[in-house]
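Protein chains: 2
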Amino acid sequence: MNAAIMTVGDEILIGQIVDTNSAWLGQKLTDLGISVVRALSVGDDHKMIINGLEQCLESADIVFMTGGLGPTKDDITKKALADFLGVGLYFHQPTFDRIKAMFEKLGRKLSDHHHDQCLMPEGADILRNAMGTAPGMMMKVADKRIISMPGVPFEMKSIMEEVVLPMLAAESDTVIFHRTILTCGAGETQIENAIADIVGDFPPAIGIAYLPAIGQVRLRLTAKGNDKASLRQDLDTFTKKITDRISDLVYGYDGSSLEAELKNICTARGIFIATAESCTGGNVAATIVSVPGSSAYFSGGTVAYANDIKTKTLGVSPETLLNYGAVSEETVIEMARGVIALSGADVSVAVSGIAGPEGGTPEKPVGTIWICAGNTEKHITYLLKSGKDRKLNIEAATTYSLILLRRFILDNY
Amino acid sequence: MNAAIMTVGDEILIGQIVDTNSAWLGQKLTDLGISVVRALSVGDDHKMIINGLEQCLESADIVFMTGGLGPTKDDITKKALADFLGVGLYFHQPTFDRIKAMFEKLGRKLSDHHHDQCLMPEGADILRNAMGTAPGMMMKVADKRIISMPGVPFEMKSIMEEVVLPMLAAESDTVIFHRTILTCGAGETQIENAIADIVGDFPPAIGIAYLPAIGQVRLRLTAKGNDKASLRQDLDTFTKKITDRISDLVYGYDGSSLEAELKNICTARGIFIATAESCTGGNVAATIVSVPGSSAYFSGGTVAYANDIKTKTLGVSPETLLNYGAVSEETVIEMARGVIALSGADVSVAVSGIAGPEGGTPEKPVGTIWICAGNTEKHITYLLKSGKDRKLNIEAATTYSLILLRRFILDNY
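Each protein sequence line maps, in turn, to chains A and B.
Plus 169 on top of the position in the first sequence (first one is 1) and you've got this note's numbering.
Plus 169 on top of the position in the second sequence (first one is 1) and you've got this note's numbering.
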């Protein structure tokens, strides 16, 4: 099955927002074995929407539209859809009742705009939106289909995950399985070389893609064919072979993450962790806390941005700061110990660096970042030499902090 | 002049990378008064590229292509371009000489791929790429044009900024101006109603779009026409009228953000801020620190995830926690005071809530979030009733924490 993605909104074309919906949809559809043949963005314009639909349906069996369903007046998508289908719009009472109930619960008033959100092209199937007011719609065009969803990413994702993807999975004939092996601590080329002979033995039905990110490489294995059982078994076999070969680098599989695996590692050992951050400004803690249930193993932390707080809260000695500077191995070691004393956690990670764009020196250029993971008795440190971009430096420092924390716990508990 | 953007690459359609080139191009072209009428992504496929070019040229005077020129692609894009134009490919010696010189300087060897990079469609103008090997190309199709550039963002941007944009600026006739008014603290519908009469007075050359996000709505005004001076004046006039009407909601303009405006507010007043976070787990601090130069006004903060840290570090009284709970107005007030004592900051913001998915009770369901902003003398608090999604709750709590912090500073300093 071929699919096209069509995003609607002037804000996309003028570059006010980056269209992330298309990439998300592309990934999910690809995972289901559906080929995405084009992704088109058009403005909030009746003629352009109709023209785009025509062109998308030339090469695709199903068009996934997002955007243009918001409650304000620049909404013309539904009118264009109805005209394209040659039908009228009707008032969908169940949607109105749902929106009304939502608003009553929140103590807010409905407006005329919400009334308009209940207008649907005749013949459309209504797709439940658990996260917002405007529902999705599915419409038939001869033997093809159009699925229209709101542009707000979490609403679109909710409709896809709860309604559309299960429906498509049930229809599919060829099966495609994916297995992603998550690694950290080595580069793409290094991993590729380490497993070259295993990959050389792959049967034709199995493929591999290397997806590098900061400090991490994901290895995505894809099995495509008709025989479910043998494809699954092949995937299992080669996943195990690769994992055995680079076991020190593999930290998880599929949709997991360093922070999610940290939860498993900590709760299995019954230990609590804490963070002491300077340049990352709370991002390491926020990443840990992004995992539901993190209160079972995360005590908390300190964002010691000013040196004063490093001294006062974390007990970093003024001499250390004076002699070695805030960005030094000595300082992060004291920060890591300090936050353990403060929080009563078993293990901590500390990070201090120069995120930039200002603040670099010839000896410590922007991107110089020290990290320490340890407990009251011992520690390991790492000097990350990142680049000039503030955002990337903070991301890299966060990832390497989690990597170091994981390594310390695995080696000592 | 109408433009279309066309990005080429399987990696875009399968969602392996998010296409940021289109948004960047959209912004730059819009700024020049060129209307972007569509953005299309197609795979590395000869037929799809030609088909895409045909469709883009139907509605656009100029097509900006990115991607498909890298040294590992099979040169599908250039062959497709040549076939579309009905010309052959020739070897462009000056490009080869430039690549050769680049590589000699780096001490690296040329491969056959680099030889292929010097093949150009006959009749194409070569656009200098100062940042990489593959140059851009400009080709005429009757009275229309195709500009093809590499997909690597910094190479594409370099060609645009050094060659293409200056050329287009010199040609432009119609102008388009945008002004975005950034608001926080009210919903889309509420704002629309509040300014309905002003919008009703807009001349035909001015349009408005409402772009909602959590806790915020951006109002984008667009002016399009020939008379630069009068368009600019109209934009200024209506921006001022709207700002005056909802002055308590407007926090900035155009590409700014709450955290960037916080910098201006704090540095203008010479005050330092601090954060005390529970459910946001450091995300408020991390958002503040995402702004370069934040060390000039951000002292730091505490991530008091465990109650123990709330008591020990922030001095929240155990009685308060016992009587009112960690998620209460009383607790966030004490957290906010505690972090000021700890950090020596002038103003602080504290947040404690139930991010979910677990931990809710009938009285305090998931999404119940208390926020306090204050100094040693007074404070304001806010009860945010968010939803069930942990990620969104953390985002919402972060945004409202910044909104409350801003409000307190503006009202008291």
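All C-beta atoms, glycine included, are put in the ideal place defined by N, C-alpha and C.
In this text, all values refer to a predicted model and were calculated from it rather than measured experimentally.
Pull up the distance between the alpha-carbon of residue i and that of residue j, whole angstroms please.
i	j	result
Thr358 of chain A	Val344 of chain B	49 Å
Arg559 of chain A	Tyr474 of chain A	15 Å
Arg575 of chain A	Gln196 of chain A	29 Å
Leu201 of chain B	Arg207 of chain B	16 Å
Lys242 of chain A	Ala303 of chain A	With a pLDDT of 44 at Lys242 of chain A, under the threshold of 50, the modelled position of this residue cannot be trusted, and the question is left open.
Arg348 of chain B	Asp342 of chain B	20 Å
Pro526 of chain B	Ile181 of chain B	33 Å
Glu446 of chain A	Arg506 of chain A	12 Å
Phe441 of chain B	Ala524 of chain A	20 Å
Arg401 of chain A	Val177 of chain A	38 Å
Pro263 of chain A	Met217 of chain B	42 Å
Tyr551 of chain A	Arg438 of chain A	24 Å
Leu209 of chain A	Gly369 of chain B	32 Å
Ser228 of chain B	Gly354 of chain A	49 Å
Gly587 of chain A	Pro319 of chain B	Examination of residue 587 of chain A is not possible in this model, given that chain A is present from 170 through 582 alone.
Leu198 of chain A	Tyr379 of chain B	30 Å
Gly184 of chain B	Ser204 of chain A	11 Å
Ile364 of chain B	Val516 of chain A	54 Å
Ser463 of chain A	Glu324 of chain B	42 Å
Ile268 of chain A	Ala192 of chain A	29 Å
Val211 of chain A	Ala565 of chain B	30 Å
Gly163 of chain B	Val535 of chain B	Past the boundaries of the shown model lies residue 163 of chain B; chain B is included only from 170 to 582, so the question cannot be answered.
His548 of chain B	Ser468 of chain B	19 Å
Asp213 of chain B	Met307 of chain A	29 Å
Ile316 of chain A	Thr391 of chain A	27 Å
Considering just the uninterrupted stretch of the beta strand (DSSP E) at residue i, what are its terminal residues?
i	result
His347 of chain B	Val344 to Cys353
Asp294 of chain A	Asp294 to Leu296
Thr444 of chain A	Ile442 to Glu446
Gln385 of chain B	Gln385 to Gly394
Met329 of chain A	Here Met329 of chain A belongs to no beta strand (DSSP E), and DSSP marks it neither H nor E.
Ile316 of chain B	Lys313 to Met318
Ser204 of chain B	Ser204 to Val211
Thr537 of chain A	Thr537 to Gly543
Thr235 of chain A	Ile231 to Thr235
Tyr379 of chain B	Ile375 to Ala382
Ala251 of chain A	Where Ala251 of chain A is concerned, there is no enclosing beta strand (DSSP E), although the alpha helix (DSSP H) it sits in stretches over Thr246 to Leu254.
Buried or exposed for residue i, please, with buried defined as at least 16 other CB atoms from any protein chain shown within 10 angstroms of its CB.
i	result
Ala398 of chain A	exposed
Thr436 of chain B	exposed
Ala299 of chain B	exposed
Asp405 of chain B	exposed
Pro290 of chain A	buried
Leu194 of chain A	buried
Asp396 of chain A	exposed
Trp539 of chain A	buried
Ala338 of chain B	exposed
Met336 of chain B	exposed
Leu579 of chain A	exposed
Ala465 of chain B	exposed
Asn562 of chain A	buried
Asp266 of chain A	exposed
Ala270 of chain A	exposed
Asn220 of chain B	buried
Would you mind reading off the limits of the alpha helix (DSSP H) that contains residue i?
i	result
Val458 of chain B	Asn452 to Val458
Val368 of chain B	Ala365 to Gly369
His261 of chain A	His261 of chain A -> no alpha helix (DSSP H), and no H or E assigned at all.
Cys435 of chain A	Leu427 to Arg438
Thr199 of chain A	Asn190 to Asp200
Met217 of chain A	His215 to Ser228
Ile186 of chain A	That residue, Ile186 of chain A, is in no alpha helix (DSSP H); it is neither H nor E in DSSP.
Thr550 of chain B	Segment His548 to Lys554 is the beta strand (DSSP E) holding Thr550 of chain B; no alpha helix (DSSP H) there.
Thr176 of chain B	No alpha helix (DSSP H) holds Thr176 of chain B; the beta strand (DSSP E) holding it covers Asn171 to Val177.
**OP:** Taking only runs that begin and end inside the region 462 to 533 of chain A, name each unbroken beta strand (DSSP E) of 3 or more residues, in chain order.
**Re:** 467 to 472 and 516 to 522
Original post:
On the three-pair Cβ rule with 8 Å, is the region 446 to 464 of chain B touching the region 443 to 463 of chain A?
Top reply: yes
Subject >> Segment contact flag, the region 402 to 421 of chain A with the region 423 to 435 of chain B, C-beta cutoff 8 Å, min 3 pairs >> reply: No, the region 402 to 421 of chain A does not touch the region 423 to 435 of chain B.
Subject >> Given 8 Å, three or more beta-carbon pairs between the region 309 to 325 of chain A and the region 380 to 388 of chain A >> reply: At 8 Å Cβ cutoff, the stretches do not touch.
**OP:** Please determine if the region 271 to 278 of chain B and the region 330 to 342 of chain B are in contact, where contact requires at least 3 C-beta pairs separated by less than 8 Å.
**Re:** no
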